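Numbers 27 to 267, taken from the working numbering, label the letters of the sequence shown in order.
Note that the Cβ used here is the ideal one computed from N, Cα and C, for glycine as well.
None of these values were measured; they are calculated from a predicted model.
What follows is a set of notes on a single structure, which appears directly below.
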Amino acid sequence: MNDIVIPETLPDGFRRLEWAYRRPRWKRMVQIVLLMSETGVSTALEIMRLMKLDKKSTHIVLDSMLDLLDPLIGSRLLFAGGKGRLRVINLTEYGKSLARALGVEPVESDWEKVVRLHKGEVQAFHAALVLMAAYQARLRGWKAEVMPFNPQETPWFQPDLKLTDPEGWFYYCEVETRSRVKPKKWSRMREVNLIVSTPITRYWMVERLKAMGIPGRATDLRTLAQQAKTGDLSRFWLEKW
């Protein structure tokens with residue numbers, strides 16, 4: 027992302043941003059708009075990762091942008107389990123227009139894909155877990171594609187994520203919000219790549235899948251987040267059977 031070039035002046039129609047804010051601030055905000063346009067990332071955590079900001083800096087940059095430049099960026103908080111909340115951000119049409127005026131056509135964002143293909147606004151908890159799983163995978167150097175298939179084209183195969191590790195091995199993943207087993211869903215799978223929110227949910231899901239004789243691998247987002255805080259990014263899957 028180091029090749030993003032921030033102009034010295036903004037195109038006509040966007041000059042009011044220059045007039046309203048000092049140069050360092052509007053340049054940083056334009057940088058974030060272009061990053062979101064090029065990558066499709068949809069969380070404040072992803073912006074922190076891409077811009078190599080610490081947590082304090084992220085709050086300063088994003089809070090000022092969201093508070094003062096709300097025409098460019100939309101924001102919402104999604105419940106992500108326990109006491110956790112996930113800050114989801116999206117480009118508004120005005121923000122996309124700015125990116126286009128600067129020569130960048132915005133890609134469909136992770137959030138837009140979840141909304142379009144999986145009713146993300148209705149199933150907000152599930153959407154938060156999908157976006158958090160994508161973030162944790164990318165944090166470890168993996169590639170993550172949210173909602174890799176259109177349900178109208180492949181109604182029989184609808185994984186929530188396609189993850190690719192640094193060696194090129196890829197996994198179609200199911201993100202589950204609670205410890206339930208859907209025999210009809212799982213029985214047709216040769217193996218399962220399972221992502222859940224907590225260790226206890228992982229335990230019960232894995233036990234039930236083992237009882238059904240379905241092999242696979244599993245991880246939980248709480249453990250991944252705790253490991254990331256200590257600097258341990260050595261693995262994404264926490265168990266395999």
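**OP:** With a floor of 4 residues, list each alpha helix (DSSP H) that falls wholly inside the stretch 69 to 146, ordered by position along the chain.
**Re:** If only uninterrupted alpha helix (DSSP H) runs of at least 4 residues are considered, those enclosed by the stretch 69 to 146 are 70 to 77, 81 to 94, 119 to 127, 136 to 144.
Subject >> Simplified DSSP state of I226, which is helix, strand or coil >> reply: DSSP places I226 in helix when its eight states are reduced to three.
Original post:
With 16 as the cutoff for other CB atoms within 10 Å, does N176 come out buried or exposed?
Top reply: Classification for N176: exposed.
Original post:
Okay, do the stretch 126 to 142 and the stretch 236 to 254 touch, 3+ Cβ pairs below 8 Å being the bar?
Top reply: No: the two stretches stay apart, fewer than three of their Cβ pairs being nearer than 8 Å.
Subject >> Cα-Cα separation between K255 and E200, rounded to whole angstroms >> reply: Distance between the alpha carbons of K255 and E200: 24 Å.
Original post:
Any idea what DSSP makes of I58, helix, strand or coil?
Top reply: Helix at I58.
Subject >> Length of the line joining the Cα atoms of L165 and R75 >> reply: Looking at the two C-alpha atoms, the distance is approximately 7 Å.
Original post:
Is it buried or exposed for R102, if we count other Cβ within 10 angstroms and need 16 for buried?
Top reply: Taking all protein chains shown into account, R102 has fewer than 16 neighbouring C-beta atoms within 10 Å of its C-beta and is therefore exposed.
Subject >> For E202 and K270, believed in contact at Cβ under 8 Å, the rounded distance >> reply: The shown model of the chain, from 27 to 267, leaves out residue 270, and the question about it has no answer.
Original post:
Can you round the beta-carbon distance between M231 and S213 to whole angstroms, since I take them to be within the 8 Å contact cut?
Top reply: In fact, because the Cβ distance is near 15 Å, the residues do not count as touching under 8 Å.
Subject >> Cβ shell of R68 (< 7 Å), same chain only, five flanking positions each side left out >> reply: Checking the sequence, you will find Ser at residue 68 rather than Arg. Excluding five sequence positions before and after S68, the CB atoms of its chain that fall closer than 7 Å to its own CB belong to V114, I115, N116, S135, D136, W137, L157, given in chain order.
Original post:
When DSSP labels each residue in this structure, what does K169 get in the three-state scheme?
Top reply: Here K169 sits in strand by DSSP.
**OP:** Using the Cα positions of G129 and M55, report the straight-line distance between them to the nearest angstrom.
**Re:** Roughly 16 Å separates the two Cα atoms.
Original post:
Exposed or buried, what is A160 when buried is set at 16 or more other beta-carbons lying within 10 Å of its beta-carbon?
Top reply: A160 comes out buried.
Subject >> Candidates I99, K53, K78, R111, of which the one nearest Y120 by Cα >> reply: The shortest C-alpha separation from Y120 is found at I99.
**OP:** In the DSSP assignment, find the unbroken beta strand (DSSP E) run with E200 in it and report its ends.
**Re:** For E200, the uninterrupted beta strand (DSSP E) segment begins and ends at 196 to 201.
Original post:
In three-state DSSP terms, what is T249?
Top reply: Note: T249 maps to helix in three-state DSSP.
Original post:
Would you report the Cα separation of K145 and L104, rounded to the nearest angstrom?
Top reply: Computed Cα separation, rounded: 14 Å.
Original post:
Exposed or buried, A106, counting other C-beta atoms within 10 Å across all chains shown (16 or more means buried)?
Top reply: With 16 or more Cβ atoms within 10 Å of its Cβ, A106 is classed as buried.
Subject >> R142 versus L60: straight-line alpha-carbon distance, rounded >> reply: When the Cα atoms are used, R142 and L60 turn out to be separated by approximately 22 Å.
**OP:** Look at the Cβ atom of L124, then the Cβ atom of F262, and state whether they are nearer than 8 Å.
**Re:** Contact flag unset, no.
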